[in-house]
Amino acid sequence: MRFRGHLTLWLGLLAGLPAAAQRPAPIVAPAARYWVTFRDKAGQTLQPAAYFDPAAQARRRRQHLPAADSTDFPVRPDYLARVRALTDSVTLVSRWFNAVACRATAAQAARMRLLPGVRSVEAWPERPLLPTGTPRLKASPLPAGPPAPLSPADLALAHRQTAVLGAAGFRQAGQQGQGLRIAVFDVGFRVTDTHPAFAHLHRRRAIAATYDFLRRTSDVYRGGTHGTEVLSCLAGQLPDSTFLGLAPAAEFLLARTEQQGRELYAEEEAWLAAAEWADRHGADIINSSLGYTDRRYFPEQMNGRTSLVARAAAMAVRKGMLVVNAAGNDGDDPTWRTVGTPADADSVLTVGGLDPDTFLHLPFSSYGPAAGGRLKPNVAAFGVAITAVPGGFERAEGTSFASPLVAGFAACAWQQQRDLPVMALFARLQQAGQLHPYFDYAHGYGLPQAAAFSAAGQPAVLPDPTFDFVAADSAVSVIIRPEAAVVPAYSLPLQAAAESLANLDPDAAGPPVPLYWQLRDASGFIIRYEVLEVSQRAILRVPLRELPTGGTLRVHFRGYTASFGGL
3 MRFRGHLTLW LGLLAGLPAA AQRPAPIVAP AARYWVTFRD KAGQTLQPAA YFDPAAQARR
63 RRQHLPAADS TDFPVRPDYL ARVRALTDSV TLVSRWFNAV ACRATAAQAA RMRLLPGVRS
123 VEAWPERPLL PTGTPRLKAS PLPAGPPAPL SPADLALAHR QTAVLGAAGF RQAGQQGQGL
183 RIAVFDVGFR VTDTHPAFAH LHRRRAIAAT YDFLRRTSDV YRGGTHGTEV LSCLAGQLPD
243 STFLGLAPAA EFLLARTEQQ GRELYAEEEA WLAAAEWADR HGADIINSSL GYTDRRYFPE
303 QMNGRTSLVA RAAAMAVRKG MLVVNAAGND GDDPTWRTVG TPADADSVLT VGGLDPDTFL
363 HLPFSSYGPA AGGRLKPNVA AFGVAITAVP GGFERAEGTS FASPLVAGFA ACAWQQQRDL
423 PVMALFARLQ QAGQLHPYFD YAHGYGLPQA AAFSAAGQPA VLPDPTFDFV AADSAVSVII
483 RPEAAVVPAY SLPLQAAAES LANLDPDAAG PPVPLYWQLR DASGFIIRYE VLEVSQRAIL
543 RVPLRELPTG GTLRVHFRGY TASFGGL
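In the numbering used here, the protein residues as written are 3 to 569.
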């Protein structure tokens with residue numbers, strides 16, 4: 003009776019309303035995101051000297067590219083006007099892809115397909131928004147108070163994060179990124195304009211341009227601090243004058259493309275818009291410590307072609323820019339362990355994270371290969387670093403910081419040979435890895451070494467063999483040569499007894515020397531790989547039945563790589 007009484011009262015109230023108010027509200031068709039590609043750019047032209055910054059013009063000349071091509075021409079205004087007249091909103095206009103992104107209803111999309119000049123109208127599936135993954139790749143919440151002073155161990159790490167890449171050699175050669183422009187795409191650069199770590203950049207006006215592609219303003223100094231931390235691994239400076247990155251003498255373009263705490267397709271649009279902007283403003287290198295994974299895609303879509311941001315990165319490389327991207331921090335996520343996008347693109351230099359204590363892969367650093375068995379990551383650097391944060395400096399972890407360390411390395415390397423084509427530089431950076439020619443899907447080619455560039459043009463010095471393969475009827479063993487078995491304070495035995503290892507003084511022995519090994523199938527795909535701590539000369543025994551038909555056992559130890567197999 004109570005329910006019926008309430009219903010009667012409600013109907014009575016409705017009866018007293020005007021007729022228009024009693025009618026149900028019309029159902030509004032939901033708008034979705036669409037990518038509209040046009041057929042041509044007929045009639046469009048471009049004056050390169052008026053459109054491109056002088057630095058962009060110079061880069062194109064160095065890269066033997068035309069002053070402009072059709073991908074640089076503007077989208078036809080009549081095509082654009084027709085789409086604007088039909089849709090709820092146009093969110094991106096891309097010259098590179100002769101396309102626009104917009105939000106529209108299904109009926110509006112059907113009408114757009116009939117417009118003159120429209121090649122295709124593709125719906126972008128939008129998966130439900132979920133909380134972002136580990137905050138190691140995205141910006142963390144701002145700390146409640148100033149960070150604690152750096153400890154002696156932190157100060158040592160601040161020096162080592164660049165020293166292990168060859169900072170001293172680059173400095174001695176006068177190479178700290180002079181003449182290079184590096185674009186940084188990130189979630190925000192809060193306090194970058196006031197932090198003393200960047201005072202040297204502001205004194206010489208080294209931040210050439212800034213833009214927030216989400217708010218559409220030139221102010222990038224709000225939002226998150228992740229970009230501030232990343233920039234510090236390129237050019238930050240401690241009060242004692244220690245540089246936290248290798249390119250403090252470069253110029254920088256700062257672009258906010260990311261929203262903190264959410265992964266929206268708008269961020270991929272912003273990445274593309276920022277890449278076109280960076281091209282126009284003369285960027286040589288793009289550092290992108292960002293990645294998109296299971297909030298939008300499936301692992302098999304990490305093929306370098308599916309995502310808009312991967313295609314944008316590939317186009318940026320075609321324009322002569324080196325794109326350096328963090329591998330991601332999903333290595334310890336059982337549902338998604340592989341690199342994200344745009345790190346999946348072939349021509350993107352993808353950077354994994356190393357433990358500063360062991361120089362080995364950090365568990366959270368995302369693994370390769372990318373879809374199709376393609377090598378990823380390409381190289382690696384410390385995934386734990388000292389960074390600038392509001393109020394001071396602190397230790398941070400993530401491949402977000404390995405990426406700018408390598409981007410700074412690339413700037414110094416490119417400074418040596420400014421006319422080097424971008425993909426030739428890409429290859430040289432891989433060859434500079436301390437594991438080269440060995441690679442695996444955790445370390446890539448390893449930590450780049452400046453010495454590889456200082457020796458450019460000199461005859462290659464082949465490393466002395468450090469181990470031998472010894473084949474028996476049913477297995478192949480790897481035996482370290484006696485001359486390669488000497489570590490500080492002692493020599494490795496052929497076989498170590500358990501009690502001798504237990505009594506070994508780790509301080510006297512020094513850091514462990516790793517041996518890398520892998521099994522490859524006949525196509526070269528790595529089906530198994532491992533890193534061993536070397537405690538004896540007879541280090542590895544592999545049953546021959548485990549070698550795939552036509553495959554190989556490949557081993558790297560102390561700079562020497564060799565293979566056994568092809569059976």
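Backbone N, C-alpha and C define an ideal beta-carbon position, used for all residues, glycine too.
Predicted model only: the values in this text are computed from it and were never measured.
Proximity test, TYR213 beta-carbon vs the ligand ZN heavy atom, cut-off 6 Å: Ligands displayed in this structure: none; no statement on the ligand ZN is therefore possible.
Completely contained beta strand (DSSP E) runs for the stretch 371-440, where each covers 3 or more residues: 381-384, 386-391 and 394-399
At least three beta-carbon pairs within less than 8 Å, the stretch 218-230 to the stretch 356-369: no
Under 7 Å between C-beta atoms of VAL186 and ASN327: For the purposes of this step, residue 186 is taken as the residue at position 184 of the sequence shown. For the purposes of this step, residue 327 is taken as the residue at position 325 of the sequence shown. Going by C-beta atoms, VAL186 is not nearer than 7 Å to ASN327.
Assigned exposure category for GLY567 - 16 Cβ within 10 Å defines buried: Counting from 1 along the sequence shown, the entry for residue 567 is found at position 565. It is buried - the Cβ of GLY567 has at least 16 other Cβ atoms within 10 Å.
Whole-angstrom distance between LEU549 and THR164, CA atom to CA atom: Taking the sequence shown and counting its residues from 1, one reaches residue 164 at position 162. Taking the sequence shown and counting its residues from 1, one reaches residue 549 at position 547. Distance between the alpha carbons of THR164 and LEU549 is about 39 Å.
Contact under 7 Å by Cβ, VAL95 with VAL77: Position 93 of the sequence shown, counted from the start, is the residue given in the question as residue 95. Position 75 of the sequence shown, counted from the start, is the residue given in the question as residue 77. A contact, by the Cβ cut-off of 7 Å.
Proximity below 7 Å, CB of TYR213 to CB of PHE191: In the sequence shown, residue 213 corresponds to position 211, counting from 1. In the sequence shown, residue 191 corresponds to position 189, counting from 1. The answer is no: Cβ separation not under 7 Å.
Close-in-space but distant-in-sequence residues of the same chain around GLY168 (CB under 7 Å, 5 per side omitted): Taking the sequence shown and counting its residues from 1, the one referred to as residue 168 is at position 166. GLN451, ALA452 and ALA453, listed in sequence order.
N-terminal and C-terminal residue of the beta strand (DSSP E) that VAL77 is part of: Residue mapping note: residue 77 aligns to position 75 of the sequence shown, counting from 1. VAL77 -> no beta strand (DSSP E), and no H or E assigned at all.
Where the beta strand (DSSP E) through SER479 begins and ends: Here residue 479 refers to the residue found at position 477 when the sequence shown is read from its first residue. Element bounds for SER479: 477-482.
Buried/exposed call for ARG97, threshold 16 Cβ in 10 Å: One-based indexing of the sequence shown puts residue 97 at position 95. Buried: at least 16 other Cβ atoms inside 10 Å.
Neighbourhood of ALA33 by C-beta, 7 Å cutoff - its chain only, sequence neighbours within 5 removed: Mapped onto the sequence shown, residue 33 falls at position 31. ASP90, ARG105, ALA106 and THR107, listed in sequence order.
Burial state of ALA23 (16 or more Cβ within 10 Å): For the purposes of this step, residue 23 is taken as residue 21 along the sequence shown, with counting starting at 1. Here ALA23 scores only 48 on pLDDT, less than 50, and its place in the model is too uncertain to base an answer on.
Residues bridged to ASP188 [DSSP beta-bridge criterion]: Counting from 1 along the sequence shown, the entry for residue 188 is found at position 186. Paired residue(s): ARG258.
Distance, LEU117 Cα to VAL381 Cα: As a first step, residue 381 is located in the sequence shown; it is residue number 379 there, counting from the start. As a first step, residue 117 is located in the sequence shown; it is residue number 115 there, counting from the start. Approximately 47 Å between the Cα atoms of the pair.
Residues sharing a beta bridge with HIS558, DSSP: Reading the sequence shown from its first residue, position 556 is the one you call residue 558. Per DSSP, TYR518 and THR563.
PHE471 and ILE482 closer than 7 Å at C-beta: Walking along the sequence shown from the start, residue 471 turns up at place 469. Walking along the sequence shown from the start, residue 482 turns up at place 480. Not a contact, by the Cβ cut-off of 7 Å.
Straight-line Cα distance separating ALA58 from THR230: Taking the sequence shown and counting its residues from 1, one reaches residue 230 at position 228. Taking the sequence shown and counting its residues from 1, one reaches residue 58 at position 56. Looking at the two C-alpha atoms, the distance is approximately 25 Å.
Euclidean distance between Cα positions of ARG61 and VAL478: Taking the first residue of the sequence shown as position 1, residue 61 is located at position 59. Taking the first residue of the sequence shown as position 1, residue 478 is located at position 476. Those two C-alpha atoms are separated by around 52 Å.
C-alpha distance - TRP416 paired with ARG282, whole-angstrom precision: Taking the first residue of the sequence shown as position 1, residue 416 is located at position 414. Taking the first residue of the sequence shown as position 1, residue 282 is located at position 280. Roughly 20 Å between the two C-alpha positions.
Neighbourhood of SER456 by C-beta, 6 Å cutoff - its chain only, sequence neighbours within 5 removed: Reading the sequence shown from its first residue, position 454 is the one you call residue 456. Around SER456: GLY171.
C-beta atoms of SER291 and VAL232 nearer than 7 Å: Counted from its first residue, the sequence shown places residue 291 at position 289. Counted from its first residue, the sequence shown places residue 232 at position 230. Yes, the pair counts as a contact, with Cβ atoms nearer than the cut-off.
TRP279 - DSSP class collapsed to helix/strand/coil: The sequence position of residue 279 within the sequence shown is 277, counting from 1. In this structure, TRP279 counts as helix in the three-state DSSP scheme.
Reference LEU400; option with closest CA among ALA390, ARG376 and GLY354: For this step, residue 400 is matched to residue 398 along the sequence shown. Note that residue 400 is Gly in the sequence shown here, rather than Leu. Residue GLY354 is the option with its Cα nearest to GLY400.
For THR227 and ALA70, the rounded distance between their alpha carbons: The count along the sequence shown starts at 1 and reaches residue 70 at position 68. The count along the sequence shown starts at 1 and reaches residue 227 at position 225. Roughly 36 Å separates the two Cα atoms.
Proximity to THR337 [Cα-Cα], best of LEU256, GLU269, THR295 and THR196: Walking along the sequence shown from the start, residue 337 turns up at place 335. With distances taken between Cα atoms, THR337 lies closest to THR295.
Beta-carbon proximity check, LEU240 vs GLY410, cutoff 7 Å: Residue numbering aside, residue 240 sits at position 238 when the sequence shown is read from its first letter. Residue numbering aside, residue 410 sits at position 408 when the sequence shown is read from its first letter. In this structure, GLY410 does not lie closer than 7 Å to LEU240 by Cβ.
Cβ pair ARG397, ASP156 closer than 7 Å: For the purposes of this step, residue 397 is taken as residue 395 along the sequence shown, with counting starting at 1. For the purposes of this step, residue 156 is taken as residue 154 along the sequence shown, with counting starting at 1. Closer than 7 Å, so yes.
Beta-carbon proximity check, ALA372 vs MET323, cutoff 7 Å: Residue 372 sits at position 370 when you count from the first residue of the sequence shown. Residue 323 sits at position 321 when you count from the first residue of the sequence shown. Cβ atoms of ALA372 and MET323: not closer than 7 Å.
CA-to-CA distance, THR389 to PRO151, given in whole angstroms: Locating residue 151 in the sequence shown gives position 149, counting from the first residue. Locating residue 389 in the sequence shown gives position 387, counting from the first residue. If I take the Cα positions, the gap works out to 12 Å.
ILE209 classed as buried or exposed, judged by whether at least 16 other C-beta atoms fall within 10 angstroms: Taking the first residue of the sequence shown as 1, we reach residue 209 at position 207. ILE209 should be labelled buried.
GLU231: first and last residue of the uninterrupted beta strand (DSSP E) it sits in: Here residue 231 corresponds to residue number 229 of the sequence shown, with the count starting at 1. Taken as a continuous stretch (DSSP letters only), GLU231 belongs to no beta strand (DSSP E), being part of the alpha helix (DSSP H) at 228-237.
Which listed residue (ARG313, GLY179 and ALA524) has its alpha carbon closest to that of PHE245: Counting from one through the sequence shown, the residue named residue 245 turns up at place 243. Taking only the C-alpha atoms, the option nearest PHE245 is GLY179.
Expected contact under 8 Å - CB spacing of TYR515 and ARG560 to nearest Å: The count along the sequence shown starts at 1 and reaches residue 515 at position 513. The count along the sequence shown starts at 1 and reaches residue 560 at position 558. The question names Tyr, yet the displayed sequence has Val at residue 515. Right, the Cβ-Cβ distance comes to about 7 Å (below 8 Å), so this counts as a contact.
Whole-angstrom C-beta distance between PRO406 and ARG162, which should lie under 8 Å: Here residue 162 is taken as the residue at index 160 of the sequence shown, counted from 1. Here residue 406 is taken as the residue at index 404 of the sequence shown, counted from 1. Rounded, the Cβ-Cβ distance is 16 Å, inconsistent with contact.
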